[in-house]
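A.B. asks: Pasting in a structure now, in structure tokens, and then I'll have a few things to ask.
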Amino acid sequence: MSRSATESDKNRTGRDEWREVLASILLAKTAVATFAIAPFLVGAYIDHLNLSVGHASRTLSVEIFALAFSNATAFFWVHRVACRAWAQRLLLLLIALNIGCVFVSDFASLVALRALVGVVEGSLLALGFGLLGITRRPNRNFGLYFAVSLTVGALNIRILPLFLESAGVTGLFVNLSLYAVIALGGSIWIQRTSIAERNEIPVATAGDRPESPFAIATMPLLFLMVANYVYFIGQGGTWSFLERIGVQQAIDLTGIASALSLSMVAGVAGGAAAGFLDLKLGRVVPLLTAIALSIAAMCLLLGGVTVATFTLAACMFNFGNNMGHPYVLGFAAKIDKSSRLTVLSGALHTGGQATGPLIAGLIVTGNDFTNVLWLGLAAFTATVLLLLPVVVSMHATAKPA
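Count along the sequence shown from 1, then add 79; that gives the number in our numbering.
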């Protein structure tokens, strides 16, 4: 083995040290903390800030759109910056912005601040994923991130009513800031150098372009990208208003919190199921099963709902979505010979989760949130139809000439 190869292996082994992995997970989890508490955030905007349903959903959507845009554009700079210094700056800025939201009193100022929060979150997510991606065992470490993120989210939802009852929406902004404070403490374990320096990545030239980056034709590729986007419109729209759907069914806040907390645990199980199944049954069967579970959950919520029914539906919804998520993105990874499609898929994923609450907020009628469930049903059904030409094209491409 050459000296350079040996040094590279040593570098990768060092980067896989548990403290660095943990610090990277903390960065990424802090970046997506808003997603986990989205139902309570929307509810608090309505109940404590007296925002309309449309304004509440728009505020959340603007933040997630900003996160998606920031995450996508970070592709061009994330490998060049000094990781620890940038992580600490971003975390301090995130704390300041979240605390700043406590002191705003008008809708326009709140939206502007939450948009800035989204920009910082998107940058943190890119940095956290970038650091996990260069570890010696990235698949294991991304799986660890997924499990830790959902577990922490479930535990946090259990205590979230305490923040709401004691301080209203201010409590939620403080809650989000605490994630950043913890990540800031862990940032001392992040490498000082940039990803490019650590991996000795050569600077690309304008002519460095793969001949044929994608393994399927352009049209099925477009269907795949649209399916990716539509899938997460359904997921984001339904999840963001799940708390309101529970309120509509006269379920108390504690019952809703317990149901959503258990659903996060079910989400961990869904992700673990995807990891266990991997490609044993291919991608199509597990994805269809996952979507069927989510559709069944929304059908349950369309009828008369008790605490038990609401809990079951929430668990089925989160299990299905977290089982399906890896397979939706897995289609992109399968046909991608470069990193560009994977990055675009991630941005569309986040963009879909931002669009979902926005559309859902526009179609709500008074205090009736039934249309949100119909949006989810339509989005998941459309996803299946959009993926059909992708599957056909992939099978055709795989056949020997």
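All C-beta atoms in this analysis are idealised placements derived from N, C-alpha and C, irrespective of residue type, glycine included.
So, do the region 369-376 and the region 139-157 have three or more beta carbon pairs nearer to each other than 8 Å?
C.D. replies: Taking 8 Å as the limit for Cβ pairs, the verdict is that the region 139-157 does not touch the region 369-376.
A.B. asks: Is threonine 444 helix, strand or coil by DSSP?
C.D. replies: Within the sequence shown, numbered from 1, the residue matching residue 444 stands at position 365. The answer is strand: DSSP assigns threonine 444 an E or B state.
A.B. asks: Kindly indicate the opening and closing residues of the alpha helix (DSSP H) around leucine 172.
C.D. replies: Within the sequence shown, residue 172 is the residue found at index 93, counting from 1. Note, leucine 172: alpha helix (DSSP H), 162-180.
A.B. asks: Out of curiosity, what's the CA-to-CA distance linking aspartate 88 and arginine 277?
C.D. replies: Here residue 88 refers to the residue found at position 9 of the sequence shown. Here residue 277 refers to the residue found at position 198 of the sequence shown. Residue placement at aspartate 88 is poorly supported in this model, since its pLDDT is 45, which falls under 50; the coordinates still yield a value, given next. Going by the C-alpha atoms only, they are around 11 Å apart.
A.B. asks: Between the Cα of valine 198 and the Cα atoms of Leu176, Phe186 and Thr214, which residue gives the shortest distance?
C.D. replies: Here residue 198 corresponds to residue number 119 of the sequence shown, with the count starting at 1. Nearest option by C-alpha distance: Leu176.
A.B. asks: Run through DSSP, which three-state label would glutamate 96 get?
C.D. replies: Translated into positions along the sequence shown, residue 96 becomes position 17. Residue state, collapsed to three classes: coil.
A.B. asks: Could you tell me the distance, in whole angstroms, from the CA atom of valine 160 to the CA atom of serine 103?
C.D. replies: Numbered from its first residue, the sequence shown carries residue 160 at position 81. Numbered from its first residue, the sequence shown carries residue 103 at position 24. The straight-line gap separating the alpha-carbon atoms of valine 160 and serine 103 is approximately 15 Å.
A.B. asks: Among Arg323, Ala351 and Pro468, which has the Cα closest to the Cα of tyrosine 124?
C.D. replies: Start at 1 with the first residue of the sequence shown, and residue 124 comes out as number 45. Comparing Cα-Cα distances from tyrosine 124 to each of Arg323, Ala351 and Pro468, the minimum goes to Arg323.
A.B. asks: Helix, strand or coil for threonine 460, going by three-state DSSP, please let me know.
C.D. replies: One-based indexing of the sequence shown puts residue 460 at position 381. The answer is helix: DSSP assigns threonine 460 an H, G or I state.
A.B. asks: Are the beta-carbon atoms of alanine 233 and valine 344 separated by less than 8 Å?
C.D. replies: Here residue 233 corresponds to residue number 154 of the sequence shown, with the count starting at 1. Here residue 344 corresponds to residue number 265 of the sequence shown, with the count starting at 1. Cβ atoms of alanine 233 and valine 344: closer than 8 Å.
A.B. asks: Output yes or no for whether 8 Å exceeds the beta carbon distance between alanine 376 and glycine 399.
C.D. replies: Locating residue 376 in the sequence shown gives position 297, counting from the first residue. Locating residue 399 in the sequence shown gives position 320, counting from the first residue. It is a contact, given that the beta carbons lie within the stated cut-off.
A.B. asks: First and last residue of the alpha helix (DSSP H) that includes histidine 158?
C.D. replies: Here residue 158 refers to the residue found at position 79 when the sequence shown is read from its first residue. Histidine 158 -> no alpha helix (DSSP H), and no H or E assigned at all.
A.B. asks: If you drop the 5 nearest sequence neighbours on each side, which residues of the same chain put their C-beta closer than 8 Å to that of leucine 381?
C.D. replies: The residue labelled residue 381 in the question sits at position 302 within the sequence shown. The residues are Thr449 and Leu452.
A.B. asks: Measure how close the beta-carbons of leucine 339 and proline 118 come, nearest whole angstrom, since I'm counting them as under 8 Å.
C.D. replies: Working through the sequence shown from its first residue, we reach residue 339 at position 260. Working through the sequence shown from its first residue, we reach residue 118 at position 39. With a Cβ gap of about 7 Å, leucine 339 and proline 118 count as contacting.
A.B. asks: Whole angstroms is fine: what's the gap from tyrosine 482's alpha carbon to histidine 404's?
C.D. replies: For residue 482 there is no data in the structure shown, the boundaries of the chain being 80 and 480.
A.B. asks: If I'm right that valine 141 touches alanine 194 with Cβ under 8 Å, what's the distance once you round it to whole angstroms?
C.D. replies: Counting from 1 along the sequence shown, the entry for residue 141 is found at position 62. Counting from 1 along the sequence shown, the entry for residue 194 is found at position 115. Going by Cβ atoms, the distance from valine 141 to alanine 194 rounds to 5 Å, so yes, they are a contact pair.
A.B. asks: Tell me whether the beta-carbon of alanine 112 lies closer than 8 Å to the beta-carbon of leucine 255.
C.D. replies: Within the sequence shown, the letter at position 33 stands for residue 112. Within the sequence shown, the letter at position 176 stands for residue 255. For alanine 112 and leucine 255, yes; Cβs fall inside 8 Å.
A.B. asks: Under 8 Å by Cβ, that's how I've got alanine 166 and isoleucine 269 pegged, so tell me the actual separation to the nearest angstrom.
C.D. replies: As a working note, residue 166 is residue 87 in the sequence shown. As a working note, residue 269 is residue 190 in the sequence shown. Right, their Cβ atoms sit about 5 Å apart.
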